[in-house]
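Asks: Below you'll find the structure I mean.
Number of protein chains: 2
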Amino acid sequence: MDDKNPILDLIARRNAAVARGDAEAIVAPLSEEVVAYTLAPPLAHSGAEARDAKAVEAWLATWHTPPRVELRDPTVLIDGDLAVAFGFAAMRSTTADGEENVMWYRTTTVLRRRDGEWSIVHEHESVPFLMDGSDKAALDLEP
Amino acid sequence: MDDKNPILDLIARRNAAVARGDAEAIVAPLSEEVVAYTLAPPLAHSGAEARDAKAVEAWLATWHTPPRVELRDPTVLIDGDLAVAFGFAAMRSTTADGEENVMWYRTTTVLRRRDGEWSIVHEHESVPFLMDGSDKAALDLEP
């Protein structure tokens with residue numbers, strides 16, 4: 023039985039970094055070859071572009087306060103030095119008016135271990151979209 | 023070096039099943055515990071619901087001809103009995119008027135090997151959405 027705790031700890035530390043608006047700590051667990059499929063376009067951010075703390079800072083600046091991300095009951099699969107964690111995440115935010123918003127989305131994280139250290143090599147975050155002709159992202163789904 | 027060919031073959035066989043509209047062959051490589059994050063809502067389809075060939079047949083019936091799915095240059099990671107493949111996929115379709123459509127999306131597939139046989143335990147397919155206030159799915163992106 024592989025130990026899931028280092029994977030869960032890495033994800034929890036990263037979400038804590040989001041909550042305190044710490045861009046450097048958000049990108050720190052990303053490996054040099056990371057390929058990230060994010061909620062917003064483009065299709066992918068790769069390598070140095072995905073690990074750009076300045077871009078993360080610009081994203082954080084679009085929020086009134088940093089959003090709080092919670093990954094609920096993720097499934098974690100590990101074999102040797104490869105691991106996958108997936109599940110539903112909630113991103114909670116507070117507007118300048120004090121309004122609380124929540125968006126649930128799907129997240130899949132792939133990690134590799136090198137020299138005893140896990141890092142993220144792939145991330146996939148998304149919401150589905152409505153195939154009713156509106157092509158709208160489904161932003162109000164709940165698990 | 024792990025052999026990527028069984029993973030690439032499984033994905034290619036599945037896409038061939040889509041192209042010929044073979045619902046049973048589309049769900050065959052899904053494991054019993056599969057969790058699928060699809061392009062359309064809900065957030066996830068799990069287990070028997072994801073492996074329901076009747077539902078896949080109903081989806082196929084919404085197309086004039088079965089769509090053709092091509093996964094371009096996927097990245098494949100394997101350690102022991104766990105594998106991940108991710109990349110951009112193109113879904114090409116032909117309307118009743120003979121119009122050709124293509125939609126590029128991101129796909130992440132997680133597989134486990136049991137008794138020498140790989141099967142899909144997790145799938146994540148998505149397009150990003152526009153954060154310009156429209157909340158529209160970005161259906162016209164190209165790699």
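Chains as they are written, first to last, in the numbering used here: chain A, 23 to 165; chain B, 23 to 165. All residues carry an ideal CB built from backbone N, CA and C; glycine is no exception.
1) Give me the Cβ distance between S148(B) and L61(B), rounded to the nearest whole Å; I'm assuming they're in contact under 8 Å.
2) Could you give the DSSP three-state label for L30(A): helix, strand or coil?
3) Taking just the CA atoms, how far does D95(A) sit from T129(A)?
4) Is the Cβ of K158(A) closer than 7 Å to any Cβ of chain B?
5) In its own chain, which residues sit with a C-beta less than 6 Å from the C-beta of S105(B), not counting the 5 before and 5 after it?
6) Would you mind sorting P165(A) into buried or exposed? The rule is 16 or more other CB atoms within 10 Å of its CB.
7) Measuring straight from C-alpha to C-alpha, what distance separates M143(A) and D119(B)?
8) Going straight from the alpha carbon of A6(A) to that of A45(B), what length do you get?
9) Can the beta-carbon of A107(A) be found closer than 7 Å to that of V98(A)?
10) Look at the Cβ atom of T116(A), then the Cβ atom of E122(A), and state whether they are nearer than 7 Å.
11) By a C-beta neighbour count over all protein chains shown, 10 Å radius and 16 as the cutoff for buried, is A160(A) buried or exposed?
12) If we count the other Cβ atoms within 10 Å of its Cβ and call it buried at 16 or more, is R73(A) buried or exposed?
13) Assign H146(B) to one of two classes, buried (16 or more other C-beta atoms within 10 Å of its C-beta) or exposed (fewer than that).
14) Comparing the C-beta of A148(B) with each C-beta of chain A, is any distance below 7 Å?
15) Quick one, are the C-beta atoms of R114(A) and A41(A) less than 7 Å apart?
16) Which residue from S141(A), D157(A), S156(A) puts its Cα closest to that of N50(A)?
Replies: Looking at the atomic coordinates:
1) Residue numbering aside, residue 148(B) sits at position 126 when the second sequence is read from its first letter. Residue numbering aside, residue 61(B) sits at position 39 when the second sequence is read from its first letter. With a beta-carbon spacing of about 7 Å, S148(B) and L61(B) fall inside the 8 Å limit used to define contacts.
2) Reading the first sequence from its first residue, position 8 is the one you call residue 30(A). Looking at L30(A) - three-state DSSP - the assignment turns out to be helix.
3) Reading the first sequence from its first residue, position 107 is the one you call residue 129(A). Reading the first sequence from its first residue, position 73 is the one you call residue 95(A). Going by the C-alpha atoms only, they are around 12 Å apart.
4) As a working note, residue 158(A) is residue 136 in the first sequence. Yes, K158(A) lies at the interface with chain B (some Cβ there is under 7 Å from its Cβ).
5) Working through the second sequence from its first residue, we reach residue 105(B) at position 83. In the sequence as presented, Ser is not what sits at residue 105(B); that position holds Ala. Contacts found: I29, L133.
6) Here residue 165(A) refers to the residue found at position 143 when the first sequence is read from its first residue. It counts as exposed.
7) Taking the first residue of the first sequence as position 1, residue 143(A) is located at position 121. Taking the first residue of the second sequence as position 1, residue 119(B) is located at position 97. Checking the sequence, you will find Val at residue 143(A) rather than Met. Computed Cα separation, rounded: 43 Å.
8) Residue numbering for chain A in the displayed model covers 23 to 165; residue 6(A) lies beyond these limits and cannot be assessed.
9) The sequence position of residue 107(A) within the first sequence is 85, counting from 1. The sequence position of residue 98(A) within the first sequence is 76, counting from 1. A contact, by the Cβ cut-off of 7 Å.
10) As a first step, residue 116(A) is located in the first sequence; it is residue number 94 there, counting from the start. As a first step, residue 122(A) is located in the first sequence; it is residue number 100 there, counting from the start. Contact flag set, yes.
11) Residue 160(A) sits at position 138 when you count from the first residue of the first sequence. So A160(A) ends up on the buried side.
12) Within the first sequence, the letter at position 51 stands for residue 73(A). Classification for R73(A): buried.
13) Along the second sequence, read from residue 1 onward, the residue named residue 146(B) stands at position 124. Burial call: buried.
14) As a position in the second sequence, residue 148(B) is number 126, starting the count at 1. For clarity, residue 148(B) is Ser in the given sequence; the question names Ala instead. Yes, contact with chain A.
15) Residue mapping note: residue 114(A) aligns to position 92 of the first sequence, counting from 1. Residue mapping note: residue 41(A) aligns to position 19 of the first sequence, counting from 1. Not closer than 7 Å, so no.
16) Working through the first sequence from its first residue, we reach residue 50(A) at position 28. The sequence as given places Ala at residue 50(A); Asn does not occur at that position. Answer by Cα proximity: S141(A).
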